[in-house]
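As structure tokens, the structure follows; a few thoughts come after it.
In my numbering, the protein residues as written are 54 to 302.
Here you go:
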């Protein structure tokens, strides 16, 4: 059975780096040598669905990267079907209460921890003890992205089986009536407070990070770092064209 690299890193106290922006297996394959631990496959805001997951997750497997899929609904059937298609991890949006957190666990973990339907996965082919081992190799990420979740965070932290509690900044700001103002002091205060409480509870904290803030979050105890290829491409393109134009005069 393939190990879940992101889970291994987190359990060892090491940072786990996950990148998004990929919609084709060939792109994942070309990114494989870069050393990231996982690929964030976008099924909430992006095009990824069940028919795509076989090839996308196989490309991750080639490089030992954990395939983590954001689904668009906290639905147990959707969660375990996504796992059955080969994903090694699930990200669920808008987990605002302990009950919603437990629903994620119920869909993503086999009994006795959860209620995942008893079927194998592409990850289980050739693994006779898959049902016994799968819980230890499945990553569940709850998105804390509403002020309601911040208010209920202590109760959410009590739910067993969540591997990462991920504070998502943009929707968090919008839920506070500050849409598009992630940098607002009130938003940053709440985000930092949530991350601090997650770490203090001995749980794995995650958030969106870029070159400008990753050191701050690492110092706070965040270990699950999600980033996107878009800013890298934009920065590289801008620098490339600026150098060419500067040389031309």
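All C-beta atoms, glycine included, are put in the ideal place defined by N, C-alpha and C. In this text the structure is predicted, and so the values were computed from the model without any measurement.
Does the separation of the CB atoms of residue i and residue j fall below 8 Å?
i, j, result
"residue 91", "residue 69", "yes"
"residue 292", "residue 74", "no"
"residue 305", "residue 248", "A query on residue 305 cannot be resolved here, the shown segment of the chain reaching from 54 to 302 and no further."
"residue 13", "residue 166", "Residue 13 is absent from the structure shown; the chain starts at 54 and stops at 302."
"residue 136", "residue 174", "yes"
Thinking C-alpha only, which one of the options is nearest residue i?
i, options, result
"residue 128", "77, 94, 148, 82", "148"
"residue 265", "246, 288, 248, 207", "288"
"residue 96", "267, 132, 163, 84", "132"
"residue 253", "233, 275, 237, 261", "275"
"residue 278", "60, 286, 228, 114", "60"
"residue 107", "197, 194, 227, 141", "141"
"residue 201", "271, 221, 79, 217", "221"
"residue 162", "58, 193, 139, 181", "193"
"residue 78", "270, 63, 120", "120"
So, at 8 Å on beta carbons, what are the nonlocal neighbours of residue i in its own chain, with the 5 sequence-adjacent residues on each side left out?
i, result
"residue 246", "203"
"residue 205", "149, 150, 151"
"residue 250", "206, 207, 210"
On the DSSP bridge list, what partners appear for residue i?
i, result
"residue 144", "123, 194"
"residue 219", "196, 259"
"residue 279", "71, 261"
"residue 93", "121"
Should residue i be labelled buried (16 or more other beta-carbon atoms within 10 Å of its own) or exposed?
i, result
"residue 146", "buried"
"residue 94", "buried"
"residue 296", "exposed"
"residue 298", "exposed"
"residue 98", "exposed"
"residue 178", "exposed"
"residue 294", "exposed"
For residue i, collect the residues of the same chain with a Cβ closer than 6 Å to its Cβ; drop the 5 residues on either side in sequence, then sort them by chain order.
i, result
"residue 159", "129, 167, 168"
"residue 186", "54"
"residue 226", "234, 235, 240"
Ordered along the chain, which non-local residues of its own chain (more than five positions away) have a Cβ less than 7 Å from that of residue i?
i, result
"residue 290", "none"
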